[in-house]
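Participant: Going down the list, the sequences are from chains A and B.
Our numbering applies: residue 259 is where the first sequence begins, and numbers increase by one.
Our numbering applies: residue 10 is where the second sequence begins, and numbers increase by one.
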Amino acid sequence: MSYCVNCGVELQKSEPRCPLCGTEVINPNEIAEEKPVRPYPSHVEHLDRSVDRRYIASFISLLLLIPLFTTMLANILVSGGLTWSYLVLGGELVVFTVFLLPMIARMPKVLYAAIDAVAVGVLLLLIRVLTQSEWDWLLLLGLPITGLATLMCWFFSAMASPKCRLPVLVRFTFALACVGLFVVAIEFFIGLYMHAIFWPTWSLYVLFPCLVLASSLLLLNRRARVKEEIKKRFYF
Amino acid sequence: MPKKKNASKWMKLDNAALIYPATMNRSWTALFRLSATLTERVDEDILEVAQKRTLRRLPWFAYKLKRGLFWFYLEHSDDLPRIEEDVANPCVRMRLNENDGFCMRVRYYHNRIAVEFFHVLTDGTGGQVFLQTLVAEYLRLKYGANIPRGDKILDCSEPSQPEETEDSFAVHSGKITQSRKEVKAYHIKGTDERSGFVHIITGSMNAADVLAKAREKGVSVTEYLTAALILSVDAIQRRRVPSVHKYKPVKLSVPINLRNVFPSKTLRNFANYVNPGIDPRLGEYTFDETLNIVHHFMAMEVTPKLLNVKITTNVRSERNAVLRLMPLFIKNMALKYVYSQVGDALSSTTLSNLGVAKLPEEMAQYVRRMDFILGPLADNRVCCASLTYNGRLRVNFTRTIAEPVLEREFFTRLVKLGIPVKVESNQQS
């Protein structure tokens with residue numbers, strides 16, 4: 259019988275080394291003995307690898323090429339050149355960056371949002387070029403609202419992240435205020451586009467309730483007793 | 010005229026079983042394993058016949074788990090589970106489709122017969138009755154052993170009794186409920202193991218040694234082991250967590266066999282948990298202090314009244330009309346969330362002591378050893394189970410991380426307390 263010099267436990271003869279610390283067992287008196295039966299067989303039952311999302315996403319990306327090529331081919335055959343099929347390209351680019359890219363490549367969340375914004379920008383640009391419309395809707399409406407929406411997505415993800423140290427109610431306060439301001443900004447850009455910047459009107463219907471709700475949440479957050487009450491009442 | 014097919018038999022899940030299919034996923038199933046090591050090599054063919062006869066006595070062990078619109082249920086099937094060769098990583102997740110839908114599997118290796126149960130079927134006590142009946146039947150077929158049958162070793166020529174499949178939780182639920190909320194406990198973290206390998210380390214002790222030590226302190230063996238394990242987890246937290254303010258409570262989930270508290274003959278789930286523990290922020294605890302805490306905590310918590318409140322809470326949730334009418338897939342999400350809040354999160358690890366297995370002399374002469382192993386838990390990466398048989402108390406640790414920190418801490422602690430420990434493992438050479 260052998261003992262682990264490190265742990266002080268007796269080791270079953272079948273153990274080649276101490277399972278607790280990995281120290282090898284060499285008992286000079288018992289070397290010649292035949293190999294004892296191990297308590298478990300050597301065959302390991304392997305788990306199937308969990309679904310390889312990266313593989314599936316890459317596969318779907320390849321599938322996306324089928325409608326793209328089909329429309330391009332149809333476009334060439336019908337109009338003798340590539341025209342409207344660029345829209346399909348732009349659309350698929352947005353689908354790819356929003357849904358598939360996060361599964362294929364790992365990068366910081368900010369970068370995903372930035373790439374998605376660029377893809378939407380490209381799609382809008384393509385629409386502008388192909389429809390040969392005015393620049394102003396793109397510059398005054400499309401791109402600014404895309405940019406703002408991106409910023410808001412980033413802000414929401416930061417608020418929802420488990421690393422966020424703020425109390426939950428404060429996070430909701432910020433999120434609500436953010437939604438209200440976003441709507442005001444949309445009205446501002448619409449005004450800009452219509453060449454008439456005036457005092458916000460309809461967006462105030464969204465802004466005020468949001469701000470009122472947000473401030474009441476902030477107040478609630480300051481009252482430990484009320485907070486406790488909410489926790490209690492909403493406990494399930 | 011062709012014989013009319015019998016209406017298929019089916020069974021609702023018992024109250025404790027409801028959570029297990031909802032929380033299972035592709036890489037985790039709540040399993041436990043009981044095994045008996047015989048004096049000679051196991052004969053697969055005889056084992057198959059023995060299984061068939063045992064399942065005739067306990068037919069619902071071969072029921073298959075099915076999805077209803079609102080709940081999972083167990084359904085009778087005419088096929089029998091296959092007998093498998095054992096593997097190096099016992100209790101690795103059970104995929105029901107790979108297992109032909111059965112919720113248990115019988116495995117053999119050399120002299121050992123092992124049965125792995127999915128927790129929807131039964132708990133440790135029910136599993137033990139199944140294993141003992143299976144082994145008794147095997148020994149009868151192989152050696153003609155005439156083993157007296159009773160409550161623990163069933164007679165396979167008798168039909169199954171209705172009280173064995175009763176949902177005792179529903180029977181023993183009362184009127185008063187309480188919140189399940191508790192402080193979350195410290196969890197031991199480590200390096201994930203390749204493709205879900207499950208490490209088993211068995212520490213075997215002389216049961217009389219442990220009993221003498223426990224008696225010396227005026228506590229039970231379970232309480233003695235629990236206190237030692239709490240201090241082992243505590244030591245790990247003190248080494249790993251830099252600030253005393255960041256220490257979390259160290260608590261152990263200790264399953265309680267409710268059959269010892271309430272009259273019940275059920276062989277399905279009938280267990281509940283208590284979580285004794287210490288708060289390391291308050292200072293270092295000595296072994297005697299911890300023993301004292303565990304002993305009195307158990308005395309306070311393991312009473313028919315408090316356990317009844319716990320049972321009632323669970324049964325009441327099951328009877329909640331909103332929950333009942335929720336479609337299964339939404340219910341699963343809800344149960345998953347609840348489990349993540351009040352399941353493993355409340356304890357640092359589990360210590361399940363099944364007590365002493367006593368076999369009649371006619372059977373004991375063929376059975377050298379018995380083991381009880383818990384399958385990996387959902388969140389906690391290490392857990393342990395123990396069973397005493399033939400004068401040896403065997404503590405089996407199950408681990409899904411690479412580092413055997415808790416095992417080392419626990420077994421060396423027992424050695425220091427004056428209990429010699431002999432270890433073996435499923436480590437790959």
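Note that beta-carbon positions come from the ideal geometry of N, C-alpha and C, so glycine has one too.
What you are looking at is a predicted structure, and each value in this text was computed from that prediction instead of being measured.
Does VAL311 (chain B) have its Cβ less than 7 Å from a Cβ in chain A?
Facilitator: False, the Cβ-Cβ gap to chain A never drops below 7 Å.
Participant: Considering just the uninterrupted stretch of the alpha helix (DSSP H) at CYS411 (chain A), what are its terminal residues?
Facilitator: Element bounds for CYS411 (chain A): 401–418.
Participant: For GLU202 (chain B) and LEU305 (chain A), I'd like the C-alpha separation in whole angstroms.
Facilitator: Cα to Cα, GLU202 (chain B) sits roughly 11 Å from LEU305 (chain A).
Participant: Alpha carbon to alpha carbon, how far is ALA381 (chain A) from SER343 (chain A)?
Facilitator: In the sequence as presented, Ala is not what sits at residue 381 (chain A); that position holds Leu. Rounded to the nearest angstrom, the two C-alpha atoms are 12 Å apart.
Participant: Indicate the three-state DSSP secondary structure (helix, strand or coil) for ALA387 (chain B) in the structure shown.
Facilitator: In the structure shown, ALA387 (chain B) sits in coil (DSSP, three-state: anything other than H, G, I, E or B).
Participant: If I follow the unbroken beta strand (DSSP E) through PRO264 (chain B), where does it start and stop?
Facilitator: Here the beta strand (DSSP E) through PRO264 (chain B) covers 259–266.
Participant: Under 7 Å between C-beta atoms, does TYR298 (chain A) make it to chain B?
Facilitator: Output row for TYR298 (chain A): interface = yes.
Participant: Can LEU74 (chain B) and LEU105 (chain B) be called in contact, C-beta distance under 7 Å?
Facilitator: Contact flag set, yes.
Participant: Which residues, taken in chain order from the region 263–278 of chain A, show a beta carbon closer than 7 Å to some beta carbon of chain B?
Facilitator: So the list reads CYS265, GLY266, VAL267, GLU268, LEU269, GLN270, SER272, GLU273, PRO274, PRO277 and LEU278, given in the order they occur along the chain.
Participant: Between GLY205 (chain B) and chain A, is the shortest Cβ-Cβ distance under 7 Å, so that the two count as touching?
Facilitator: By this cut-off, GLY205 (chain B) is an interface position.
Participant: Indicate whether GLN246 (chain B) and TYR294 (chain B) have their beta-carbon atoms separated by less than 7 Å.
Facilitator: No, the pair does not count as a contact, with Cβ atoms beyond the cut-off.
Participant: Are VAL207 (chain B) and VAL101 (chain B) touching if we call contact CB-CB under 7 Å?
Facilitator: Taking 7 Å as the Cβ cut-off, VAL207 (chain B) and VAL101 (chain B) qualify as a contacting pair.
Participant: Label LYS12 (chain B) either buried or exposed according to how many other C-beta atoms from any shown protein chain fall within 10 Å of its C-beta, with 16 as the threshold for buried.
Facilitator: Confidence at LYS12 (chain B) is low in this model, with a pLDDT of 41, below 50, so the placement of that residue should be treated as unreliable; the coordinate-derived value is given next. Answer is exposed; the Cβ neighbour count stays below 16.
Participant: Identify each residue in the region 410–425 of chain B for which the Cβ-Cβ distance to at least one residue of chain A is less than 7 Å, and report them in chain order.
Facilitator: Those would be PRO413, GLU416, ARG417, PHE420, THR421 and VAL424, in chain order.
Participant: Which term fits PRO313 (chain B), buried or exposed, when burial requires 16 or more other beta carbons within 10 angstroms of its beta carbon?
Facilitator: By the neighbour-count rule (16 or more Cβ atoms within 10 Å), PRO313 (chain B) is not buried but exposed.
Participant: Verify whether the separation of the beta carbon atoms of VAL138 (chain B) and LYS161 (chain B) is less than 7 Å.
Facilitator: For VAL138 (chain B) and LYS161 (chain B), yes; Cβs fall inside 7 Å.
Participant: I want to verify the contact list: residues of chain B whose CB lies under 7 Å from the CB of VAL302 (chain A), in sequence order.
Facilitator: Ordered by position in chain B, the residues that pass the 7 Å Cβ test against VAL302 (chain A) are VAL96, ALA97, ASN98 and PHE206.
Participant: Go through its chain and collect everything with a Cβ distance to SER241 (chain B)'s Cβ below 8 Å, but skip five positions before and after it.
Facilitator: Contacts found: LEU415, GLU418, PHE419 and ARG422.
Participant: Going by other Cβ atoms of all chains shown within 10 Å of its Cβ, with 16 needed for buried, is GLY135 (chain B) buried or exposed?
Facilitator: Flag for GLY135 (chain B) reads buried.
Participant: Taking only three categories from DSSP, how would you classify TYR398 (chain B)?
Facilitator: The answer is strand: DSSP assigns TYR398 (chain B) an E or B state.
Participant: Count the other CB atoms within 10 Å of the CB of ASP176 (chain B); is the residue buried (16 or more) or exposed (fewer)?
Facilitator: Its Cβ being crowded by 16 or more others within 10 Å, ASP176 (chain B) is buried.
Participant: Among the candidates A:GLY266, A:GLY379, A:MET259 and A:TYR261, whose CA atom is the shortest distance from the CA of LEU425 (chain B)?
Facilitator: The question names Leu, yet the displayed sequence has Lys at residue 425 (chain B). It is A:GLY266 whose Cα lies nearest to the Cα of LYS425 (chain B).
Participant: Measure the beta-carbon distance from TYR117 (chain B) to LEU56 (chain B) and round it to whole angstroms, keeping in mind my assumption that it falls under 8 Å.
Facilitator: About 6 Å separates the two Cβ atoms, so the contact holds.
Participant: Just the Cα atoms here: how many angstroms apart are ILE287 (chain B) and MET342 (chain B)?
Facilitator: One C-alpha to the other measures close to 32 Å.
Participant: Between which residues of its own chain and CYS112 (chain B) is the CB-CB distance below 6 Å, once the five residues before and five after are set aside?
Facilitator: Excluding residues within five positions, the ones whose Cβ falls inside 6 Å are LEU74, PHE127, VAL129 and LEU130.
Participant: Measuring CA to CA, which of B:GLY400, B:ASP88 and B:CYS393 is closest to THR409 (chain B)?
Facilitator: THR409 (chain B) has its Cα closest to that of B:CYS393, out of B:GLY400, B:ASP88 and B:CYS393.
Participant: Is there a Cβ from chain B that is less than 7 Å from the Cβ of SER337 (chain A)?
Facilitator: No, because no Cβ of chain B sits closer than 7 Å to the Cβ of SER337 (chain A).
Participant: Between the beta-carbon of PHE178 (chain B) and the beta-carbon of VAL324 (chain B), is there less than 7 Å?
Facilitator: Contact flag set, yes.
Participant: Got a sec: is the Cβ-Cβ distance from VAL426 (chain A) to anything in chain B below 7 Å?
Facilitator: No, its Cβ sits nowhere closer than 7 Å to a Cβ of chain B.
Participant: What residues are listed by DSSP as bridge partners for SER434 (chain B)?
Facilitator: In the DSSP output, where bridge partners are listed per residue, SER434 (chain B) has B:ILE210.
Participant: Does any CB atom of chain B fall closer than 7 Å to the CB of VAL581 (chain A)?
Facilitator: This structure leaves residue 581 (chain A) out entirely; chain A is present only between 259 and 494.
Participant: Examine the ligand ATP and report whether any of its heavy atoms sits within less than 6 Å of the Cβ of LYS340 (chain B).
Facilitator: The ligand content of the structure shown is nil, which means the ligand ATP is not present either.
Participant: What three-state label does DSSP hand MET113 (chain B) in the structure shown?
Facilitator: Residue state, collapsed to three classes: strand.
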